[in-house]
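Those sequence lines, one after another, are chains A and B.
So that you can map any letter, position 164 of the first sequence is 1225 in our numbering, and since no number is skipped, the others follow by simple counting.
So that you can map any letter, position 178 of the second sequence is 1239 in our numbering, and since no number is skipped, the others follow by simple counting.
Every residue, glycine too, gets a C-beta built ideally from N, C-alpha and C.
Just so we're clear, the structure is a prediction, and the values are computed from it rather than from any experiment.
There are 2 protein chains.
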Amino acid sequence: MVTVAVDGNGADLGPDEVAQGASLAAQQGVHVLLFADTSRISSVGAGVELVDSPVSIAKARDPAYAVRSTPEASIVQAARAVADGRAQALVSGGSTGSALAAGLFNLKRDRGIYRPALALPLPRPGVGPLLLLDVGANVICRPEHLVQFAHMGSAFAQAMLGIESPRVALLSNGEEPAKGTPELKEVHERLSGEGGAGLRFMGNIEGTHALGDVVDVVVADGFIGNIALKLIEGVSSQTLHLLRDAAQRSLRAKVGGFLLKPSIQGLREEIDPEVTGGAYMLGLRQIGIVCHGRFTRRGFARAIDVAVRGVEEDVIGRTRAALEEAGALRRPAPQVVSPSGQEARVVGP
Amino acid sequence: MVTVAVDGNGADLGPDEVAQGASLAAQQGVHVLLFADTSRISSVGAGVELVDSPVSIAKARDPAYAVRSTPEASIVQAARAVADGRAQALVSGGSTGSALAAGLFNLKRDRGIYRPALALPLPRPGVGPLLLLDVGANVICRPEHLVQFAHMGSAFAQAMLGIESPRVALLSNGEEPAKGTPELKEVHERLSGEGGAGLRFMGNIEGTHALGDVVDVVVADGFIGNIALKLIEGVSSQTLHLLRDAAQRSLRAKVGGFLLKPSIQGLREEIDPEVTGGAYMLGLRQIGIVCHGRFTRRGFARAIDVAVRGVEEDVIGRTRAALEEAGALRRPAPQVVSPSGQEARVVGP
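The structure is reproduced here in structure tokens:
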């Protein structure tokens, strides 16, 4: 049976909401190690093991420092449980910063990975999810990082989203290969050549078409990916708000709005980020998922389910194999024998 | 009376649609010099002067080269009419690339401006427009460019959008000053200090809140600004599509959708980019507006109206004054006397 280590302290609704989500997930036959402030938890179902960890660094201003200096923090303990082999995957109820830092320091980068990336499947009703990465782990990316992200995203979409041959594109300011920053053009060139082996690379995509049925994985650096993600959330919620206001303008509109309410509610649920279970830390040696702090128990249960599936589908191994096939792994730094006869290690890129 | 030079060859609906828009605008008391393929124009109203210019470079692959090598092109002729003083403002029916190149080469950068920027007012029903810049003139920007964009956008919003004290923010991946790329952090620091004199600088803004009533001008480099613009267009249209589909799911929903139709149509019109008249080339010595190629006559008429207002409100002079006050103008390159006694001009930044 798969064991998932869960950090319950960062959720907006408190540790009990995470505990109830964990209990729901455990009913499906997963073992959960829940690290949280147990004094704030009412009860848990069978299959959930509580580890009292009242210290939270979810609101730390400098998550990397907090992770290093607070070994007793719930997220650090949960990440260590995965690193030690007591669990096979990590799920965090937030914050993203502390989960990323704890994941990086404890689960560690996988062999040949430059930088882990944060990938988020965005619900697209009628089309299936769109995987956007990096949504915030790396503000600055070099071309080789983005090349890896493309493969990491594609392998993840295959293993976890059930897309046989994911269509991968770069987010840019135009579809032509000559569009974009010099770095992005270099990525385009590499992915169009040998660096794109095994990949269904579609070239550049603009925001106008990113949500349509023309692409499954969109790659950007963490700065632009994060801006894009928040714009998508902001604009879609803004448009629904405008519509609600429009449905107040006349009696006819009010009646129409009333009749449409269940369908709009259905639509809201379909585009709710909870349905995809959270953001995925790709490029680590084990599976890590970060939920949005505002998730309810349903979202946490879903994230734990997805983590189990990631273990069973060996998403880590499949990602590694895809990167190997494309020659996109970071090469180990060459061993140089120094004049004094001692081995010196050249610092890699 | 103000004269506006209009390029009519790039519009998706053809030169006649631009001619009808120009005729509508002329009814309000503006003189229009219309450069277009007159064989494709049915008629024009009083106040519109046709100049037969059948050559179009709207679809040129390299607009800068096309502008330099095709003096007879309609957009080049229109831009030259403004440069020569035969008209006071330029309106182009597209493409953006050729209009930008023609504007830059003929209208020229204003004194002290590093780079002209393309600014687009996005309609926000119930709030008033949001000015987004740069939406695509400069893929790569240095901090001093973005500092100027902030002032250029603010002065434009004051003069043209009627916002007394525009709230200006930088598009970033978090609200804290420490968020963003190193360049963006530098811009934040400058605008928070003396470089922000005269500016109502609100700091960073995320996409989630950019469309809310917390900011009037959003500044980004042309790569990110263009991606953001297209995401906003794509997501808002995608959400309305999803809603239309949702209104097909049951009889109740169908009736509701039917009753809501006029309100949704009203909303569509309110967020139609035509209502704001197009994108503005800021930082030139004269006013230049680029319409979207898919505009109808209404949009072209609106753009010409807005160009007239820009002349009357002296938006160029007011932008210059704002930049001067904040010390954000590019300093003239120092005159260096070379050893040979000849004056040499140091290349500025």
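Chain-ordered chain B contacts of residue i [CB-CB under 8 Å]
i       : result
A:P1186 : L1303, D1306
A:V1296 : G1268, L1272, L1292, I1293, V1296, S1297, T1300
Amino acids of chain A, ordered along the chain, whose beta-carbon sits closer than 7 Å to that of residue i
i       : result
B:K1038 : A question about residue 1038 of chain B goes unanswered here, because the residues of chain B that appear run from 1062 up to 1410.
B:L1321 : A1308, A1314, G1317, G1318, L1321
Any C-beta of chain A under 8 Å from that of residue i
i       : result
B:N1199 : no
B:V1316 : yes
B:Q1299 : yes
B:N1287 : yes
B:E1244 : no
B:F1356 : no
B:L1328 : yes
B:I1118 : no
B:I1224 : no
B:I1174 : no
Test: residue i CB closer than 8 Å to a CB of chain B
i       : result
A:G1071 : no
A:S1156 : no
A:G1338 : no
A:S1130 : no
A:L1232 : yes
A:D1333 : no
A:G1402 : Reliability fails at A:G1402, whose pLDDT of 46 lies under 50, so the model's placement of it is uncertain and the value that follows must be treated cautiously. Cβ-Cβ to chain B under 8 Å: no for A:G1402.
A:S1311 : yes
A:A1405 : Any reading at A:A1405 must be qualified, since the residue scores a pLDDT of 42, below 50, and its modelled position is unreliable; the value itself is stated next. Not one chain B Cβ lies under 8 Å of A:A1405.
Closer than 7 Å at the beta carbon, the chain B residues around residue i
i       : result
A:S1159 : Correct list: empty, because the minimum Cβ distance to chain B is about 15 Å.
Unbroken beta strand (DSSP E) run spanning residue i, endpoints
i       : result
B:M1263 : 1261-1266
A:T1064 : 1064-1068
A:R1228 : 1228-1232
B:D1113 : 1109-1113
A:L1343 : 1340-1343
A:I1350 : 1348-1351
Cβ-heavy atom distance, residue i to the ligand SAM, below 7 Å
i       : result
B:P1115 : Among the ligands in the structure shown, none appear at all, so the ligand SAM cannot be discussed.
Terminal residues of the alpha helix (DSSP H) in which residue i lies
i       : result
A:Y1175 : First-last for A:Y1175: undefined, no H or E at that position.
B:G1214 : 1204-1222
B:F1361 : 1358-1373
B:F1319 : 1312-1331
B:E1247 : 1243-1253
B:G1283 : 1283-1307
A:E1141 : Residue identity differs from the one stated: residue 1141 of chain A is Arg in this sequence, not Glu. Residues 1135-1144.
A:S1159 : 1157-1163
A:S1117 : Taken as a continuous stretch (DSSP letters only), A:S1117 belongs to no alpha helix (DSSP H), as it is neither H nor E.
Rounded distance between the beta-carbons of residue j and residue i, thought under 8 Å
i       : j       : result
A:D1171 : A:I1377 : 7 Å
A:I1365 : A:A1083 : 6 Å
B:L1343 : B:T1380 : 7 Å
B:L1260 : B:S1215 : 6 Å
A:V1278 : A:L1192 : 5 Å
A:L1183 : B:I1288 : Not a contact, Cβ separation roughly 16 Å.
B:A1258 : B:G1388 : 7 Å
B:R1391 : B:I1174 : 7 Å
B:G1197 : A:N1234 : 6 Å
A:E1244 : A:R1203 : 7 Å
A:L1194 : A:A1178 : 5 Å
Neighbour list for residue i in chain A, Cβ cutoff strictly below 8 Å
i       : result
B:G1241 : V1200, F1284
B:S1100 : Per Cβ cutoff of 8 Å: no residues; B:S1100 is ~31 Å from chain A at best.
B:I1325 : L1304, A1307
Chain B residues whose Cβ lies nearer than 9 Å to that of residue i
i       : result
A:S1153 : Residues of chain B passing the Cβ test: none, with the nearest at roughly 18 Å.
* Hey, is the stretch 1355-1365 of chain A in contact with the stretch 1157-1168 of chain A, meaning 3+ C-beta pairs nearer than 8 Å? -> Below 8 Å, too few C-beta pairs join the stretch 1355-1365 of chain A and the stretch 1157-1168 of chain A to call them touching: fewer than three.
* Asked: Using 8 Å as the threshold, is the stretch 1218-1230 of chain B in touch with the stretch 1310-1327 of chain B, meaning 3 or more CB pairs across them?
  -> Short answer: they don't touch.
* **the stretch 1108-1117 of chain B touching the stretch 1130-1149 of chain B, judged by at least three CB pairs closer than 8 Å** => yes
* Can at least three beta-carbon pairs, one atom from the stretch 1065-1079 of chain A and one from the stretch 1330-1343 of chain A, be found at a separation below 8 Å? -> no
* Does the stretch 1242-1249 of chain A touch the stretch 1204-1211 of chain A, meaning 3 or more C-beta pairs lie closer than 8 Å? -> yes
* **Inter-stretch contact at 8 Å, needing at least 3 Cβ pairs: the stretch 1145-1160 of chain A / the stretch 1117-1124 of chain A** => yes
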